[in-house]
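A.B. asks: Below: one structure in structure tokens.
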Amino acid sequence: MSHQPLPAGPISAHRGRGLPLPGADIDTDRIIPARFLKCVTFENLATGVFADDRSERSGDHPFDRDEHQGASVLVVNRNFGCGSSREHAPQALMRWGIRALVGESFAEIFFGNCLALGLPCLTADPAHVAELQEAIAVDPGAELLVDLEAMEVVLESEFAGDNRWPVTLDPGPRRMLLTGHWDGTSQLLAHDAELSATAAVLPYLSGFR
Amino acid sequence: MSAGTLYDKVWDLHRVSELPGGSTQLFIGLHLIHEVTSPQAFAALRDLGLSVRHPERTVATVDHIVPTTSQARPLADPLAEEMLATLERNCAEHGITLHGLGSGRQGIVHVIAPELGLTQPGMTVACGDSHTSTHGAFGAIAFGIGTSQVRDVLASQSLAMTKLKVRRIWVDGQLQPGVFAKDLVLHIIRTLGVKGGVGHAYEFAGPAIEALSMEERMTLCNMAIEGGARCGYVNPDQTTFDYLRGRPCAPSGEAWERAVAWWSGLASGADAVFDDEVRFDAAAIAPTVTWGITPGQGIGVDETVPTPDQLDPDDRALAGEAYQYMDLRPGVPIAGTPVDVCFIGSCTNGRLSDLRAAAAVASGRQVAAGIRAFVVPGSEQVAAAAEAEGLDAVFRAAGFEWRQPGCSMCLAMNPDRLEGRQLSASSSNRNFKGRQGSASGRTLLMSPAMVAAAAVAGQVVDVRRLLADGDASPSATRPGSEPSPELSSAPSAASRL
Ligand code: SF4
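As they're listed, the protein sequences go chains A and B.
Heads up: the first sequence at position 105 corresponds to 128 in the working numbering, and the numbers run straight through without jumps.
Heads up: the second sequence at position 72 corresponds to 238 in the working numbering, and the numbers run straight through without jumps.
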């Protein structure tokens, strides 16, 4: 598990080691099994991340392998994060230390939940994702630069030199991350005067006087 | 695009601003919270150094984790106790009203807000719980939200939302005796599918809807979400106003008349435009039972479990999974399926009229040997009203357990749960795999009267047959006193029997 600070402010790039997690349709129940939902804080969710998958593979799961401890860029395949809307899933990943995700595609609600936490979910070509997963497996100690300005990921490998792949992200979410307005709350708080004006004309707020 | 509907009017009234990401900022008139989805939201608020913008517009209760046998503090389950204590602390710290255990007002969040008169026509209502659609019964726009949205509402009393399409569900005719709002909504979901309503608000309208009591309308709107519609609503009318008059948080005195005028003006007009419309005939609907693992897998109690060739090709894979999980064979009648556990309660069917309908069936009969049957009132007020008219005694005499209020075995976050492959007849809203607390447990959804019938028969049975036998004594279920406006104004479901 990592001790990186939680995301804050504008997010234009992230640098960290990669963690390939192959497989399509990995759902939120696998990311964080339901029994971990009985909690009053997200803080300790890291221990539950992929709990059942990990115990099934007794130590051989990517999240358990020595070479990936401290990694922060999760590289996944198709439809990652499908299933229930539980926010515990991105929270668990974030608490474990994940700060960015690169994949073929993401489930819509999961993508939105990640964005609200400041975790960019970048998409890339299936072939490029496979190359990236392969390259990380070959040199797991290499630093990966996730660049939201240039819209690419760069693996800075001692062995293979730099390797770069293009990634995509819709302009709306990208702008939200780059400007630091990815957290929905600050957007809403920015319109306080309009909020008061709306409230002023709702008769039930003034007891129908 | 819809226009002139209640949904459009309420949306426009609550619109605050257009946000950069393309969504709309919507003012939230009523925010309901409970112990499961709020603690992380309060923690996030603290982390961000924010306060609650309108503490008087948020109301809390505890429902999901409460035990229904002994609610003495500290709760036996330390995790449950911690969740409740955290809610108490958060509410105290931020000045939020909490209707706690023993307050006389505690209960399932979607039961207490209406009975306190908190839910009113024309409001936007949000709660960190998908069955928030219940409140649409009042002509409110009500929807479930996730934990970071709970944080957003606490901090800003608003949410980033995208406008839905509006589908009118027009229901002609009248429900037949022994057929309830639960059967109607199971029938609608069976027909339109569990994803049929995605991207839509459902407006329920037509003669059959107008004839429903408020409690029945709540059952209907409660399950809109099971049909994929994030919210469902009924236009406010005299039934709505009669229900609300005199409730503790409803307007009173001169404000009452002004409120009724405002509420009346919000209903979809004759010239309202809908994105589409679907029509049903209430008279054609039979008591409906689910046989599978989604609320859309329902059939009339007189039908057989569908064979693959009777189903849409798209539905066959899921049906295969359901046959196996439920251990039900295609082509076999659903009536006669033996049950192990019978559960009456939940935000779908844990209100007074539901308990009356079930008691009318249980009265003078006995729970079949080997069946565990229990009744969990939706709130402390429902429990008190039911006890005042002797329903608890009717249930106990018939061999049902009479429990304390909470969500209970609807989702089994408390000790009430199925064991192993037990099969339950349940008045709740979800029959997903493992929903009722056992990973292999099985659920048949049905109306409370049908659950009571299953309890006394030991198997799925058409409640209309029991009622035709005529030995139920409806007199035992008629109100003797009038503890709440609902009792005097709304026809009880039992009166149809
Ligand atoms: S009764 Fe069931 S559906 Fe309703 S709020 Fe409780 S857990 Fe959710």
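The beta-carbon is built from N, C-alpha and C at its ideal position, and this holds for glycine as well.
#1: Select from B:F509, B:P571, B:R630, B:D520 the residue whose C-alpha is nearest the C-alpha of G603 (chain B).
#2: Using a Cβ-Cβ cut-off of less than 9 Å, list which residues of the segment 202 to 214 of chain A approach chain B; keep chain order.
#3: Taking all protein chains shown into account, decide if K361 (chain B) is buried (16 or more other Cβ within 10 angstroms of its Cβ) or exposed.
#4: Name, going along the chain, the residues of the segment 105 to 128 of chain A whose beta-carbon falls closer than 9 Å to a beta-carbon of chain B.
#5: Does the beta-carbon of L518 (chain B), which I'm using as the reference point, lie nearer than 7 Å to any heavy atom of ligand 1?
#6: Measuring straight from C-alpha to C-alpha, what distance separates N67 (chain A) and A123 (chain A)?
#7: Quick one, which of B:A246, B:K348, B:T503 has its alpha-carbon nearest A578 (chain B)'s?
#8: For S23 (chain A), count neighbouring C-beta atoms within 10 Å of its own C-beta (all shown protein chains included) and say buried if the count is 16 or more, exposed if not.
#9: Is A539 (chain B) helix, strand or coil by DSSP?
#10: So what does DSSP say about A438 (chain B), is it helix, strand or coil?
#11: Return the residue from the list A:M199, A:Q114, A:V72, A:V161 that minimises the CA-CA distance to A207 (chain B).
#12: Between V224 (chain A) and ligand 1, is there a pair consisting of the residue's CB and a ligand heavy atom that are separated by less than 7 Å?
#13: Would you say C397 (chain B) touches ligand 1, meaning its beta carbon is less than 7 Å from a heavy atom?
#14: What do you get for E648 (chain B), buried or exposed, if any count of 16 or more other CB atoms within 10 angstroms of its CB means buried?
#15: Buried or exposed: which applies to A223 (chain A), given that a residue is buried once 16 or more other Cβ atoms fall within 10 Å of its Cβ?
#16: Would you report the Cα separation of S639 (chain B) and A523 (chain B), rounded to the nearest angstrom?
#17: Which first and last residues belong to the beta strand (DSSP E) in which F86 (chain A) is found?
#18: Can you tell me whether F1 (chain A) is helix, strand or coil according to DSSP?
#19: Report yes or no: is there a C-beta of chain A within less than 8 Å of the C-beta of R212 (chain B)?
#20: Less than 7 Å between the CB of N597 (chain B) and some heavy atom of ligand 1, yes or no?
#21: Considering P163 (chain A), what are the terminal residues of the alpha helix (DSSP H) in which it resides?
#22: Alpha carbon to alpha carbon, what distance is there between I459 (chain B) and R608 (chain B)?
#23: Between the Cα of G261 (chain B) and the Cα atoms of B:N515, B:M289, B:V218, which residue gives the shortest distance?
#24: Report the residue from A:P163, A:V190, A:L200, A:C137 whose alpha carbon sits nearest the alpha carbon of G39 (chain A).
#25: Any idea which residues DSSP pairs V96 (chain A) with across the strands?
#26: Closer than 7 Å by beta-carbon distance: list the chain A residues that pair up with D318 (chain B), in chain order.
#27: Taking the alpha helix (DSSP H) that I354 (chain B) falls in, what are its first and last residues?
#28: Which whole-angstrom value is the C-beta distance of N388 (chain B) and C513 (chain B), which I expect to be below 8 Å?
#29: Could you please give me the residues that DSSP links to S545 (chain B) through a beta bridge?
#30: Would you tell me roughly how many angstroms separate the C-alpha atoms of G646 (chain B) and A554 (chain B), rounded to the nearest one?
#31: For F182 (chain A), collect the residues of the same chain with a Cβ closer than 6 Å to its Cβ; drop the 5 residues on either side in sequence, then sort them by chain order.
#32: Please identify the residue among B:A563, B:E254, B:F304 whose C-alpha is closest to the C-alpha of G398 (chain B).
#33: Is A169 (chain B) close to chain A? Criterion is C-beta to C-beta, closer than 8 Å.
#34: What are the residues of the segment 55 to 70 of chain A that lie near chain B, defined by any Cβ-Cβ distance shorter than 7 Å?
#35: Are the beta-carbon atoms of D48 (chain A) and C105 (chain A) separated by less than 8 Å?
#36: Are there 16 or more other CB atoms within 10 angstroms of the CB of V498 (chain B), so buried, or fewer, so exposed?
C.D. replies: For this structure:
#1: As a first step, residue 603 (chain B) is located in the second sequence; it is residue number 437 there, counting from the start. The shortest Cα separation from G603 (chain B) among B:F509, B:P571, B:R630, B:D520 belongs to B:F509.
#2: Interface annotation for the segment 202 to 214 of chain A against chain B: T202, H204, D206, G207, T208, S209, Q210, L211, L212, A213, H214, criterion Cβ-Cβ distance under 9 Å.
#3: The residue you call residue 361 (chain B) lines up with position 195 of the second sequence. Exposed: under 16 other Cβ atoms inside 10 Å.
#4: Only those residues of the segment 105 to 128 of chain A whose C-beta falls short of 9 Å from the nearest C-beta of chain B are listed: S108, R109, E110, H111, Q114.
#5: To locate residue 518 (chain B), count along the second sequence from 1; it is residue 352. It does not: the Cβ of L518 (chain B) is nowhere closer than 7 Å to a heavy atom of ligand 1.
#6: As a working mapping, residue 67 (chain A) is identified with position 44 in the first sequence. As a working mapping, residue 123 (chain A) is identified with position 100 in the first sequence. The alpha-carbon atoms of N67 (chain A) and A123 (chain A) are separated by roughly 20 Å.
#7: Locating residue 578 (chain B) in the second sequence gives position 412, counting from the first residue. Closest option to A578 (chain B), Cα to Cα, is B:A246.
#8: Because chain A in this structure spans residues 24 to 232, residue 23 (chain A) falls outside the shown range and cannot be described.
#9: For the purposes of this step, residue 539 (chain B) is identified with residue 373 of the second sequence, where counting begins at 1. Strand, per DSSP.
#10: The count along the second sequence starts at 1 and reaches residue 438 (chain B) at position 272. Note: A438 (chain B) maps to coil in three-state DSSP.
#11: The sequence position of residue 207 (chain B) within the second sequence is 41, counting from 1. If we check each option's Cα against that of A207 (chain B), A:Q114 comes out closest.
#12: Start at 1 with the first residue of the first sequence, and residue 224 (chain A) comes out as number 201. Not one heavy atom of ligand 1 lies closer than 7 Å to the C-beta of V224 (chain A).
#13: The count along the second sequence starts at 1 and reaches residue 397 (chain B) at position 231. Checking the Cβ of C397 (chain B) against ligand 1 gives no.
#14: To locate residue 648 (chain B), count along the second sequence from 1; it is residue 482. Low per-residue confidence applies at E648 (chain B): pLDDT is 33, beneath 50, and the placement is therefore not dependable enough to give any value.
#15: Along the first sequence, one-based indexing puts residue 223 (chain A) at 200. Classification for A223 (chain A): exposed.
#16: The residue labelled residue 639 (chain B) in the question sits at position 473 within the second sequence. The residue labelled residue 523 (chain B) in the question sits at position 357 within the second sequence. Any reading at S639 (chain B) is ruled out, since the residue's pLDDT is 43, under 50, leaving its predicted position unreliable.
#17: The sequence position of residue 86 (chain A) within the first sequence is 63, counting from 1. Where F86 (chain A) is concerned, there is no enclosing beta strand (DSSP E), given that its DSSP letter is neither H nor E.
#18: Beyond the ends of chain A as shown, which are 24 and 232, falls residue 1 (chain A); an answer cannot be given.
#19: If you number the second sequence from 1, residue 212 (chain B) lands on position 46. It does not: the Cβ of R212 (chain B) has no partner Cβ on chain A nearer than 8 Å.
#20: The count along the second sequence starts at 1 and reaches residue 597 (chain B) at position 431. Because no heavy atom of ligand 1 lies under 7 Å away, the Cβ of N597 (chain B) does not count as near it: no.
#21: Here residue 163 (chain A) refers to the residue found at position 140 when the first sequence is read from its first residue. Secondary structure note for P163 (chain A): it is in no alpha helix (DSSP H), with a DSSP letter that is neither H nor E.
#22: Taking the first residue of the second sequence as 1, we reach residue 608 (chain B) at position 442. Taking the first residue of the second sequence as 1, we reach residue 459 (chain B) at position 293. Looking at the two C-alpha atoms, the distance is approximately 8 Å.
#23: Your numbering for residue 261 (chain B) matches position 95 in the second sequence. Relative to the Cα of G261 (chain B), the nearest Cα in the group B:N515, B:M289, B:V218 belongs to B:V218.
#24: Residue mapping note: residue 39 (chain A) aligns to position 16 of the first sequence, counting from 1. Nearest C-alpha to G39 (chain A): A:P163.
#25: Taking the first residue of the first sequence as 1, we reach residue 96 (chain A) at position 73. Answer is A:G41, A:A123.
#26: Numbered from 1 along the second sequence, position 152 holds the residue referred to as residue 318 (chain B). Within 7 Å Cβ-Cβ: G207, T208, L211.
#27: Within the second sequence, the letter at position 188 stands for residue 354 (chain B). Taken as a continuous stretch (DSSP letters only), the alpha helix (DSSP H) holding I354 (chain B) covers 347 to 358.
#28: As a first step, residue 388 (chain B) must be located in the second sequence, where it is residue number 222. As a first step, residue 513 (chain B) must be located in the second sequence, where it is residue number 347. With a beta-carbon spacing of about 6 Å, N388 (chain B) and C513 (chain B) fall inside the 8 Å limit used to define contacts.
#29: Within the second sequence, numbered from 1, the residue matching residue 545 (chain B) stands at position 379. DSSP output for S545 (chain B) lists B:G273 as bridge partner(s).
#30: Position 480 of the second sequence, counted from the start, is the residue given in the question as residue 646 (chain B). Position 388 of the second sequence, counted from the start, is the residue given in the question as residue 554 (chain B). Interpretation of G646 (chain B) is limited by its pLDDT of 34, a score under 50 that renders its predicted location unreliable; no figure is taken from the coordinates.
#31: As a working note, residue 182 (chain A) is residue 159 in the first sequence. Taken in chain order, the residues that qualify are D162.
#32: As a first step, residue 398 (chain B) is located in the second sequence; it is residue number 232 there, counting from the start. Answer by Cα proximity: B:F304.
#33: Taking the first residue of the second sequence as 1, we reach residue 169 (chain B) at position 3. So, not an interface residue.
#34: For the segment 55 to 70 of chain A, which is checked against every Cβ of chain B, the residues closer than 7 Å are K61, V63, T64, F65.
#35: For the purposes of this step, residue 48 (chain A) is identified with residue 25 of the first sequence, where counting begins at 1. For the purposes of this step, residue 105 (chain A) is identified with residue 82 of the first sequence, where counting begins at 1. Note that the C-beta distance between D48 (chain A) and C105 (chain A) is below 8 Å.
#36: Looking up residue 498 (chain B) in the second sequence gives position 332. Exposed.
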